[in-house]
Amino acid sequence: MRREELAKLEKEDLMMLLTLTHDKMQKKNTQLRKTQEKLSLAKSRIRKMKDIISYQRKRILDGVSTQEPA
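Encoded structure:
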């Protein structure tokens with residue numbers, strides 16, 4: 177809204193507009209927090225998978241290097 181339009185509004189209208197804006201921001205903040213939690217969980221899972229793969233790769237390579245040719 178433009179300033180001229182806001183100046184024409186009554187106090188009650190401005191309060192209602194402010195309340196609506198506050199509610200929208202609160203919902204967006206809640207969505208953002210949930211998304212951040214999901215992202216953090218996904219990063220944690222990826223780190224865990226990388227650790228598992230690294231450990232398995234090391235075991236496989238150690239097993240191959242210790243085996244004698246038949």
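Following the working numbering, the numbering of the sequence shown begins with 177 at its first residue and continues without gaps.
Glycine included, each C-beta is placed from N, C-alpha and C at the ideal position.
Between residue i and residue j, what straight-line distance do the alpha-carbon atoms span, to the nearest angstrom?
| i | j | result |
| --- | --- | --- |
| residue 236 | residue 222 | 21 Å |
In three-state DSSP terms, what is residue i?
| i | result |
| --- | --- |
| residue 180 | helix |
| residue 279 | Here the chain covers residues 177 to 246 and nothing more, so residue 279 does not appear. |
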